[in-house]
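**Student:** With our numbering, the residue at position 151 of the sequence shown is 164, and numbering never jumps.
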Amino acid sequence: MSTPPPQLQQEPPTPEQVRKRELNRLKAKERQRQWLSKQAESQQTASTSNVNGKRPMVWTPAGPPRVERDGAKAVSQQAQAPKPLPRDTRLIGKYIEYDLSKMVNRKGGFLLEDGQEVDEEVRRKERQREHERMRQNVEPPVLLGASDTQPICCECASIHIDSTFQRVFGCLVCNKCKDEKPEKYSLLTKTECKEDYLLTDPELRDHELLPHLLKANPHSSTWNNMMLFLRFQVEEYAFKVKWGSSEALDAEFGKRVAYKKVARQKKFDKSLQELRKRTKESIWQQRRDEEHVHEYGVIEKTGAGGEGVQRCMSCGFEVEVEEM
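This is how it looks when you write it as structure tokens:
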């Protein structure tokens with residue numbers, strides 16, 4: 014007698030498998046319905062054709078009934094309706110999770126915080142800096158005349174000059190020459206002009222003396238705009254007008270370096286002297302605090318004539334005394 018094979022236990026289908034089966038069944042029924050409707054139309058056309066093989070003239074209604082039209086219109090409107098907003102990720106169950114560290118108490122809008130006044134001042138400064146830059150960045154007019162009136166590059170005679178250099182510095186140079194000669198057309202900051210060429214702040218702020226380009230400060234938008242100067246204009250003013258030559262500038266630079274060195278040494282000596290003075294005072298005060306004052310006790314008589322000894326209660330120092 015043979016043993017029957019063991020029956021395999023089938024696992025129940027997953028929800029995804031059930032959904033796919035149902036979807037395939039509906040698609041198959043839809044294809045079958047379309048195929049049957051096409052077959053019925055072809056048979057009706059073949060049976061109702063006239064002698065010439067054409068369809069007879071029949072009356073066709075203007076459209077489906079009103080109820081069907083309204084239903085189709087409602088379905089199309091529902092399909093074209095905007096989709097609902099996405100669910101808020103902060104929504105967990107029936108409550109919203111807020112970050113209390115970022116919430117600000119407005120006190121009903123009646124009380125102003127100190128930080129709001131600061132923000133208003135910050136925005137005012139930002140608008141002021143932006144207005145200064147916009148006023149400087151006005152584009153020059155375009156000349157559409159003869160070629161002899163067209164501005165050209167002072168290095169290569171090209172007509173494609175940099176409008177910013179022409180507008181701010183009055184320098185006619187193209188972008189190619191500007192990039193090829195950085196020792197002449199590079200831009201210097203105000204700090205570099207003050208440290209390398211020993212120019213003062215009033216001289217650098219005089220736009221007629223040294224024109225400068227305003228840029229947004231990279232450290233903070235509320236700080237003063239960054240001032241950029243053209244290198245050859247700065248060198249021309251420093252070497253020819255203020256100091257006379259590059260040798261005179263180097264001599265003045267060396268003199269200031271020596272003066273700073275002497276001043277630094279004087280400051281160091283003064284701080285060292287004050288440190289020594291404080292050290293001496295602390296040692297003297299420490300010795301004064303440590304000075305011992307004897308506190309004598311009662312007189313111990315040692316003789317019949319009124320002689321005795323008085324002893325310090327803390328250190329034991331003895332003093333001979335005589336009572337009169």
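Don't be surprised by glycine CBs; every beta carbon is placed ideally from N, CA and C. Keep in mind the model is a prediction, meaning the values are calculated, not measured.
For the beta strand (DSSP E) that contains residue 7, what are its first and last residues?
**Tutor:** Since the first residue shown for the chain is 14 and the last is 337, residue 7 is missing from the structure and cannot be characterised.
**Student:** Assess contact between the region 161 to 169 and the region 184 to 191, defined as three or more Cβ pairs (one per stretch) separated by less than 8 Å. Is contact present?
**Tutor:** yes
**Student:** Pair every Cβ in the region 282 to 289 with every Cβ in the region 299 to 312, then say whether three or more of these pairs are closer than 8 Å.
**Tutor:** no
**Student:** Quick one: give me the first and last residue of the alpha helix (DSSP H) that residue 331 is part of.
**Tutor:** Counting from 1 along the sequence shown, the entry for residue 331 is found at position 318. Taken as a continuous stretch (DSSP letters only), residue 331 belongs to no alpha helix (DSSP H), being part of the beta strand (DSSP E) at 331 to 335.
**Student:** With residue 285 as the anchor, note down where its alpha helix (DSSP H) starts and where it stops.
**Tutor:** As a position in the sequence shown, residue 285 is number 272, starting the count at 1. Counting along the chain, the alpha helix (DSSP H) containing residue 285 begins and ends at 259 to 303.
**Student:** At the level of alpha carbons, what is the spacing between residue 300 and residue 292?
**Tutor:** Numbered from its first residue, the sequence shown carries residue 300 at position 287. Numbered from its first residue, the sequence shown carries residue 292 at position 279. Cα to Cα, the separation comes out at about 12 Å.
**Student:** Counting beta carbon pairs with one atom in the region 238 to 247 and one in the region 196 to 215, are three or more of them shorter than 8 Å?
**Tutor:** Result yes; three or more Cβ-Cβ pairs closer than 8 Å.
**Student:** Using DSSP bridges, identify the partner residues of residue 324.
**Tutor:** Residue mapping note: residue 324 aligns to position 311 of the sequence shown, counting from 1. DSSP output for residue 324 lists 331 as bridge partner(s).
**Student:** From the DSSP output, which residues share a beta bridge with residue 309?
**Tutor:** In the sequence shown, counting from the first residue as 1, residue 309 sits at position 296. According to DSSP, which records beta bridges pairwise, residue 309 is partnered with 325.
**Student:** Taking 8 Å as the cut-off, does the region 265 to 278 touch the region 213 to 225 (at least 3 CB pairs, one atom from each stretch)?
**Tutor:** no
**Student:** Starting from residue 227, follow its DSSP beta bridges and name the residues at the other end.
**Tutor:** Here residue 227 corresponds to residue number 214 of the sequence shown, with the count starting at 1. When beta bridges are read from the DSSP output, residue 227 appears opposite 240.
**Student:** Using the Cα positions of residue 39 and residue 95, report the straight-line distance between them to the nearest angstrom.
**Tutor:** Here residue 39 refers to the residue found at position 26 when the sequence shown is read from its first residue. Here residue 95 refers to the residue found at position 82 when the sequence shown is read from its first residue. Roughly 27 Å between the two C-alpha positions.
**Student:** Going by DSSP in three states, residue 162 sits in which element: helix, strand or coil?
**Tutor:** Taking the sequence shown and counting its residues from 1, the one referred to as residue 162 is at position 149. DSSP places residue 162 in helix when its eight states are reduced to three.
**Student:** Have a look at the DSSP bridge pairing and note the partners of residue 27.
**Tutor:** Residue numbering aside, residue 27 sits at position 14 when the sequence shown is read from its first letter. BP columns for residue 27 are empty, so no partner.
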